[in-house]
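Working notes for the structure below.
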Amino acid sequence: MEITKSACQVLANALVDCLLDWNLDRKLSTLTVDNCTTNDAMIELILDKLPPSSLILEGKLFHMRCCAHILNLVVRDGLELISDSIETIRYSVAFWTATPKRDEKFIETARQLKVPSTKKLELDCKTRWNSTYLMLNTALEYEAVFARLKQHETLYKRVPTQEDWSKVRDISSKLEMFFDATELFSGTKYPTINLFFATICDIKLAIGDWLLSDDNLVKTMATNMKVKFEKYWDIMNCLLAIGSILDPRYKMKTVQFYYPLVYGDMSSYKIEKLKKKLYDMVEEYEKKSKQSQKVKNSQSSSLRPPLPKRGSYADKFEMFMDSNTSTEHKLSHMRRKWCHDLEQDAFSCYSMPLENEKERNELENGESSGRANVLVIPKAWQCYVFCT
């Protein structure tokens, strides 16, 4: 159903009223929404009601498309190619989980065949692709069980064929990185903005690799995914790249590694354009900091994100970091102070100690240069973002 302009106005008014009631109208950095024309129109109306000076670069980075939602749109194109096979497996799972007696028979048959998996069959929710992915992954481990039960149960009519299993296995293996990314992005107890860029780049590069696959099914899936992914790439990668730059472990290194792989000969131009935008942000914070007032100390969080699974490009990035580090002999005072071991499980961007009370105070101020809207980071560190 098409949403009218008046409905968008109602949504925008309701959201702005909430922001005003909660005194958040001057503390916004971005607004993340699902990707649809209704939200696009709503964002424009909200921007008209908010003072531009209170937003990053006067609102140029305000509208953030939800990465998890975009990945959802991309993955659905992949699953559509094997919809018939998915329906067959879904029927099988539904059949053997319909009653406790059937469930017991399934478990007993798996035990007889010495299937090592202990996962329980669970029917998916058709509108949630991640639940479909989990259902397929579990079903794949019981392929032999379904085949055996066909011989014993006359009511079990719709059994997955070898072709069904082959298709699902090929596509499911490719969807693993989308599932891991969605799980990582959905975290609420740890900072996520510094995790997006490299993960999204890994997915973009993986889709490019799949286009060269000898498997026609994988190649077709990649072609469909690429069309959808490219539609949103340019409008979401800028702020994600800035978030990765403000991760003091990597600074410009992540961008310097991935941009040449993504943009080729245009990478230098793209990097300079990105630097310009970040310089503009720092200058904006510097101007606002002169008007800031002293506030209470900030409490830094020590929560850490789960370890992202390492893919082929992530491994290459670590090699890139190692090769660059080995050639740098003169480290600045700031680098010696902040460049700790890069092990993912030993570091949290939000658990860094701050230099002094002034920096801690500035982080709490909504208009200070130290309070980075993109990633909490001390003011002094911003001056050294590009030192490497």
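Each residue of the sequence shown is one higher than the last, beginning at 1 in UniProt numbering.
All C-beta atoms in this analysis are idealised placements derived from N, C-alpha and C, irrespective of residue type, glycine included.
Should residue i go down as buried or exposed, given a rule of 16 or more other Cβ atoms within 10 Å for buried?
i	result
M42	buried
M266	exposed
V74	buried
R90	buried
D34	exposed
I56	buried
L24	exposed
T223	exposed
K120	exposed
T199	buried
A12	buried
T188	exposed
V145	buried
P100	exposed
C36	exposed
D209	exposed
C201	buried
L212	exposed
L149	buried
G264	exposed
L184	buried
T132	buried
Y279	exposed
Y269	exposed
K273	exposed
A14	exposed
K251	buried
K155	Here residue 155 turns out to be Leu, not Lys, going by the sequence shown. Exposed, by the Cβ-count rule.
Leaving out five residues before and five after residue i in sequence, what residues of the same chain have Cβ atoms less than 8 Å from its Cβ?
i	result
F197	N237, L240, A241, G243, S244, T254, V255, Y258
S117	A110, T138, E141, Y142
L123	R90, V93, A94, T97, M135
D215	D170
N115	The amino acid occupying residue 115 in the given sequence is Val; Asn does not appear at that position. Counting only Cβ-Cβ distances below 8 Å, and skipping sequence neighbours, we find E141, Y142, A144, V145.
L217	L81, I82, K167, D170, I171
A147	V159
In its own chain, which residues sit with a C-beta less than 6 Å from the C-beta of residue i, not counting the 5 before and 5 after it?
i	result
R102	W96
R158	T88, Y91
N39	V33
K330	Below a pLDDT of 50, predicted positions are generally treated as unreliable, and K330, at 42, falls in that range; no measurement from the model is reported.
G59	L47, P52
D77	N224, M225, K228
How far does the alpha helix (DSSP H) with residue i in it extend, from its first residue to its last?
i	result
V282	267-289
C201	193-210
F178	162-185
I43	37-49
K253	253-263
Need the endpoints of the beta strand (DSSP E) that residue i sits in, please.
i	result
V33	31-33
So, is the C-beta of residue i closer than 8 Å to a C-beta in chain B?
i	result
I207	Among the chains of the structure shown, chain B does not appear; only one protein chain is present.
Go through its chain and collect everything with a Cβ distance to residue i's Cβ below 7 Å, but skip five positions before and after it.
i	result
N130	F179, T182
A346	Low confidence applies to A346: its pLDDT is 40, below 50, so where it sits in the model is not reliable, and the reading given next is rough at best. The answer is none, since no qualifying residue turns up.
Q162	none
I207	A222, M225, K226, F229
C8	T38, A41, M42, L45
L261	L205
Taking 8 Å as the threshold, find out whether the segment 94-114 comes into contact with the segment 66-77 through three or more Cβ pairs.
Segments in contact, no.
Taking contact to mean 3 or more Cβ pairs, one atom from each stretch, closer than 8 Å, check whether the segment 78-85 and the segment 183-200 are in contact.
Segments in contact, no.
Would you call the segment 125-136 in contact with the segment 170-188, where contact means no fewer than 3 C-beta pairs closer than 8 Å?
Between the segment 125-136 and the segment 170-188, the count of Cβ pairs shorter than 8 Å is three or higher; the stretches touch.
Should the segment 45-58 be called in touch with the segment 10-27, which here means at least 3 C-beta pairs below 8 Å?
As far as the Cβ criterion goes, the segment 45-58 touches the segment 10-27, which means the pair count is three or higher.
Just list the alpha helix (DSSP H) runs in the segment 64-152, keeping only unbroken ones of 4 residues or longer that don't cross its boundaries, in chain order.
Correct list: 67-80, 83-96, 100-112, 129-141, 143-150.
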